[in-house]
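Each residue of the sequence shown is one higher than the last, beginning at 1119 in our numbering.
Where is the CB? At the ideal position from N, CA and C, for every residue including glycine.
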Amino acid sequence: MAQKPVKETTGERVLRVATELFAEKGYEATGVEELSKSTGLGRGALYYHIKNKQQLLLNIALRLLENANREARRILASGGTAEERLHRMAEHLLTDLSTNRSAWITSMRDWQALDEPYRTHVGHLRNEYEQYWQALFDEGAEAGLFHPVHPMQRRAIVGMFTTSYRWIEPSGSLSPKQISELYVSLFLDGLRKRPSEQA
């Protein structure tokens, strides 16, 4: 027997609609009046569920990054080689980018519109996520499988994935898993030590 879909709360609906509007129009270009109209709530009812527009942008970014960091920690602890776990990290990230594209568009494009200290907090979460990738690169290097990865190289590799929010589509000709495999093979070919280089 099929399960009934879980009905979203009013707060969840507000966040979903805000995410879609911010992705389509931009955070700065989306006004409270438009949010009120699109959610079907009067301004008073809307402000019952949100403190202000900043809170919506912050919640969008936090939901994505906290989930990404939680999954990254799970993958790091999941066992297998560094290379196997890099494949899992890549697949999870591109699947999430595809599934939650509107949220990624808003978070990646508009997060610096946040006031302090929220902007710094989001920046720390972004850096934390990159450090989980760095941990796998370092593990592979310590095992003699990869060349050491400089932080600037790590930033370029992770950025190759995260900027996919600009074009990735769930209905594209390649699945997120297929795209992640192409990306991982691209950077691993450069990182992997040749037999003659391995101790």
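Cβ neighbours of residue i in the same chain (closer than 6 Å, five flanking residues each side left out)
i	result
I1193	R1203, R1206, M1207
E1201	none
Q1252	R1272
W1229	A1179, V1240
K1295	E1209
One or two residues paired with residue i in a DSSP bridge
i	result
F1264	R1310
7 Å CB neighbourhood of residue i in its chain, flanking five on each side removed
i	result
F1255	F1264, V1267, R1272
V1302	L1204, H1205, A1208
Residue i to residue j span [Cα, whole Å]
i	j	result
E1248	N1185	14 Å
S1162	K1171	This sequence places Gly at residue 1162; Ser is not what is there. The straight-line gap from Cα to Cα measures roughly 14 Å.
A1231	E1142	16 Å
S1297	T1280	The question names Ser, but residue 1297 in the sequence shown is Ile. The straight-line gap from Cα to Cα measures roughly 12 Å.
H1167	D1233	20 Å
N1218	E1146	20 Å
L1292	N1245	29 Å
Q1173	E1152	16 Å
I1275	F1305	7 Å
R1284	G1262	35 Å
Test item: CB-CB of residue i and residue j under 9 Å
i	j	result
E1260	S1216	no
L1175	T1224	yes
L1133	N1177	yes
T1127	F1140	no
S1282	L1212	yes
T1137	S1196	no
R1131	T1157	yes
Spatial neighbours of residue i in its chain, beta-carbon cut-off 8 Å, leaving aside the 5 residues before and after
i	result
L1309	F1255, G1258, F1264, H1265, V1267
### Message
Report the start-end ranges of each alpha helix (DSSP H) in the region 1191-1240 that is 4 residues or longer and not cut off at the edges.
### Response
1200-1217, 1219-1228
### Query
In the region 1129-1153, which residue ranges form an unbroken beta strand (DSSP E) of at least 3 residues, counting only runs that do not cross its ends?
none
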